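Step one of this worksheet: look at the structure below.
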Amino acid sequence: MIISISGVPGSGKTSAAKILAESLGMKFYSMGGLREKMALERGVTIDELNALGESDPTTDTSVDEYQRELGTKEDGFVIEGRLSWHFIPRSFKVFLDCDPKEAARRVYGAQHAGERRDEDAHATVDATRAYLDRRIASDVRRYREYYGVDYRDHGHYDLIVDTTPFKGPEETAHAIRDALRERGLTRG
């Protein structure tokens, strides 16, 4: 089984996916982590990499091809990425949603804790929310242009989880695992 986890920034995708993979004894892949590494290697922020991606599709396509290949060559993993559901259509597709204000609060806290090395820390939660709005708009533009999809369309997914009320990624991972168990896709 392959589980793909997508969602809005600040919904807890990476943290929840890591916890879920560990609890299920599966490998974990982070496409966000690959893009973060790409940005750091180029000496740019994720915003600057996304802006570059609007004119240079290779900033997206290299990661996208990697996902596609993983989906054909491996099984038994959890993958986090905005378009992982698209490139690995046989996966169990999860979308993590979050209220924009709560997402901005989480990202602001992570930026100021040094947990998001590929992003500049913003002065306020409101500034972080404006940043996230720009980032989402850039993602939506690129994905529509390159692939004709909107990752926010819930119709693409097998499970939608609103992480807004959750206290941490453990709760999100638990909710996903419960849904998998209820559908007979995993034990325990």
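In terms of my numbering, the sequence shown is residues 2 to 189.
A virtual CB, placed ideally from N, CA and C, is assigned to each residue, including glycine.
Model, not experiment: these values are computed from the prediction.
Euclidean distance between Cα positions of GLU146 and ILE4: 26 angstroms
I need the DSSP call for LYS102, collapsed to helix, strand or coil. helix
Span of the beta strand (DSSP E), counted from its first residue to its last, around PHE167: Taken as a continuous stretch (DSSP letters only), PHE167 belongs to no beta strand (DSSP E), as it is neither H nor E.
Using the Cα positions of GLY33 and ILE20, report the straight-line distance between them to the nearest angstrom. 16 angstroms
In the DSSP assignment, find the beta strand (DSSP E) that holds SER31 and state where it starts and stops. 28–31
Is the beta carbon of ARG69 sitting closer than 9 angstroms to the one on PHE96? no
Using a Cβ-Cβ cut-off of 6 angstroms (strictly less than) and excluding sequence neighbours within five positions of PRO170, which residues of its own chain qualify? GLY13, SER16, ALA17 and ILE20
Residue range of the beta strand (DSSP E) that includes ILE6: 3–8
Does the beta-carbon of LEU186 have 16 or more other beta-carbons within 10 angstroms, so that it is buried, or is it exposed? exposed
Can you grab the Cα-Cα spacing for the pair LEU133 / LYS94, in whole Å? 23 angstroms
Indicate the three-state DSSP secondary structure (helix, strand or coil) for LEU35 in the structure shown. helix
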